[in-house]
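Step one of this worksheet: look at the structure below.
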Amino acid sequence: MNPKISISPAYRTAYQRLNPQQKKAVDTIHGPLMVIAGPGTGKTQLLALRIGRILETTDYGPENILCLTFTNAGVEAMQERLQSFIGMEARKIDVYTFHAFCNEFIQNHPDDFNMLEWQPLSELEACELMEEVIKGLDPNHTLYRGKGDQFYNVKDLLGLNKIMKKERLTGDQIRQEINDYMSRVKNGEVAEFVYQRKTGTNQKGALKQDKIQEEEDKFKRTLGAIDVIEKYNELLKQRKRYDYEDMINWVIDLFKEKPWILQDCWERYQFILVDEYQDTNGSQNELLYLLTDYDQPNVMVVGDDDQAIYRFQGANVENMKAFADRFRDQGLKVVVLKENYRSTQDILDAANRLINNNQDRLIQYLQHEFHLSKQLFAHQ
């Protein structure tokens, strides 16, 4: 144990009270680990105790641990719990949201980002800049509106811009996808655009030209939106502004362009823990993969595949499946927390019946390999 670390009696007591599944997750500190945790199963306590266990059983210090979570409330709860377990040394542990981690990284590496004069973008300013782009559209542009409210779709455009950045999608990628799709449609490779039987003058196997035209018209508006978004992001660069999503993408790009900076992170962060992993989006997941892009990293993710509450913001339970696929050949271990400390068994039985109808569960995806079950039961 690091001699500077003083483990409190509160930690000892909490560790002794762990149920078998929790204890397995806390004690498994080396290699990749996925913890599938239902509601009320003590996730925050588990993460804090695992950090305490790392400090208790290894020679690494708090500065070698990175804990990422999804909300500021989660950060505060984790910091409070850690302080109760290891005292003031807890302040040396990097506990961040993904965005706060990237913002701190940018602030600490100003020369690498060359962003000294750049300022964060407010929501009001984002709307104003998007309106400025729309005002400058050519009358022949698909999104140009000569009459009425010409700014009716500002929020939709800003929303699409966020999704593209969260999933690291470029305009060219979307254009290529649309072109490939429409090529398949026009070649008769998409069934809904082909007559399946003779109807009037339309022969079986003929293309539904009217429906194809409708599809093309729909995508013209999509392509117009992509064009507006690209103009908007060019304007952001001219005005030296960046938005919330840019921070993660900048750090990802820097790690790829200057791998020695990423290697410094590998050396510093010997242990990485991620809470609410089911709510991560594509860019957050790519950042985690870069931070753990070496053999058998000490990375732990905690998530609930039945509770992806931020799916509308780009979160995707597929990330949990991808994590399992990525690390299964590197000794991945999976622990399921089933003991619930908040609800009665009647409530949990009802929840189990409802959740078992979910066909997209991670438990089912991993069942054959890891022999898992997620039937919640009440703590006695």
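Following the working numbering, the numbering of the sequence shown begins with -7 at its first residue and continues without gaps.
For glycine and all other residues, C-beta sits at the position ideal for the given N, C-alpha and C.
query: If we count the other Cβ atoms within 10 Å of its Cβ and call it buried at 16 or more, is TYR333 buried or exposed?; result: The predicted model places TYR333 with a pLDDT of 46, which falls under 50 and marks its position as unreliable, so this point remains unresolved.
query: Would you list the residues sitting across from CYS59 in a DSSP beta bridge?; result: VAL87, LEU265
query: Tell me where the alpha helix (DSSP H) around LEU280 begins and ends.; result: 274 to 283
query: Look up HIS214 in the DSSP assignment and say whether it is helix, strand or coil.; result: A quick correction: the sequence has Thr, not His, at residue 214. Helix.
query: Mind checking whether PRO376 and ASP317 have CB atoms under 8 Å apart?; result: What the structure shows of the chain is the stretch from -7 to 372, and residue 376 is not part of that stretch, so it cannot be assessed.
query: Looking only at its own chain, which residues have a Cβ that is under 8 Å from the Cβ of HIS91, when we skip the five neighbours before and after it?; result: TYR236, MET239, ILE240
query: With a cut-off of 8 Å on the beta carbons, I'd call LEU58 and ILE204 a contact; round off their distance for me.; result: Rounded, the Cβ-Cβ distance is 51 Å, inconsistent with contact.
query: Hey, LEU10 and VAL294 are a contact pair by Cβ (cut 8 Å); roughly how many whole angstroms apart?; result: 15 Å between Cβ atoms; not a contact.
query: Ignore the nearest five residues each way along the sequence and tell me which others in ILE244's own chain have a CB closer than 8 Å to its CB.; result: ARG160, SER275, GLU278, LEU279, LEU282
query: Alpha helix (DSSP H) containing GLY163: first to last residue?; result: 163 to 178
query: What separation, rounded to the nearest whole angstrom, lies between the Cα atoms of PHE304 and GLU207?; result: Its pLDDT being 43, under 50, PHE304 is placed unreliably in this model, and the coordinates cannot settle the point.
query: Rounded to whole angstroms, what's the CA-CA distance from ALA29 to ALA82? Just pull it up for me.; result: 24 Å
query: Can you find at least 3 beta carbon pairs, one from the segment 39 to 53 and one from the segment 70 to 78, that sit closer than 8 Å?; result: yes
query: Between the C-alpha atoms of LEU116 and GLY138, what's the straight-line distance to the nearest angstrom?; result: 24 Å
query: Let me know the secondary structure DSSP gives TYR3 once reduced to three states.; result: helix
query: Keeping to the same chain, check which residues put their C-beta closer than 8 Å to that of GLY216; ignore five residues upstream and five downstream.; result: HIS133, THR134, LEU135
query: Roughly how far, in whole angstroms, is the beta-carbon of LEU60 from the beta-carbon of VAL266, given that I think they are within contact range, below 8 Å?; result: 5 Å
query: What number of angstroms, rounded off, separates the C-alpha of ASN145 from the C-alpha of ALA6?; result: 52 Å
query: Going by C-alpha to C-alpha distance, which of ASP219, ASN171, ASN179 sits closest to LYS200?; result: ASN179
query: As a quick exercise: from ALA2, GLN13, GLN8, pick the residue whose alpha carbon is nearest that of LYS330.; result: GLN13
query: With distances taken Cα to Cα, identify the nearest neighbour of ASP287 among GLY323, GLY53, ASN106, HIS101.; result: GLY323
query: With LEU113 and ARG233 assumed to form a contact (beta carbons below 8 Å), what rounded beta-carbon distance in angstroms separates them?; result: 4 Å
query: Looking at the strands, I want to know which residues DSSP matches up with LEU121.; result: For LEU121, which the question treats as bridged, DSSP gives no partner whatsoever.
query: Here's the rule: buried if 16 or more other CB atoms are within 10 angstroms of the residue's CB, otherwise exposed. What is ARG73?; result: buried
query: Between the alpha carbons of ILE339 and MET312, how many angstroms are there, rounded?; result: At ILE339 the pLDDT is 46, less than 50, meaning the model places this residue with poor confidence; the figure from the coordinates comes in the next sentence. Straight-line Cα distance between these residues: approximately 26 Å.
query: Which term fits THR272, buried or exposed, when burial requires 16 or more other beta carbons within 10 angstroms of its beta carbon?; result: buried
query: Mark GLY192 as exposed unless 16 or more other C-beta atoms lie within 10 angstroms of its C-beta, in which case mark it buried.; result: exposed
query: Quick check on TYR234: does DSSP put it in helix, strand or coil?; result: strand
query: Skipping 5 residues on each side, what residues in its chain have a beta carbon closer than 7 Å to that of LYS158?; result: GLU237, ASN273, GLY274, SER275, GLY306
query: Sort out for me which residues DSSP pairs VAL294 with in a bridge.; result: VAL27
query: Pull the bridge partners of ASN194 from the DSSP assignment, please.; result: THR191
query: Can you tell me which of LYS325, GLY163, VAL18, CYS257 puts its alpha carbon nearest to the alpha carbon of GLU55?; result: CYS257
query: Whole-angstrom Cβ separation of GLU226 and GLY66, contact assumed at under 8 Å?; result: That belief does not hold up - the Cβ atoms of GLU226 and GLY66 are roughly 35 Å apart, past 8 Å.
query: Between ALA314 and the rest of its own chain, which residues show a CB-CB distance below 8 Å, the 5 nearest in sequence each way excluded?; result: ASN277
query: Let me make sure I understand the geometry here. Which of GLN142, ALA198, GLN168 has the alpha-carbon closest to that of LYS190?; result: ALA198
query: Go ahead and label THR284 buried or exposed: buried means 16 or more other beta carbons lie within 10 angstroms of its beta carbon, across all protein chains shown.; result: buried
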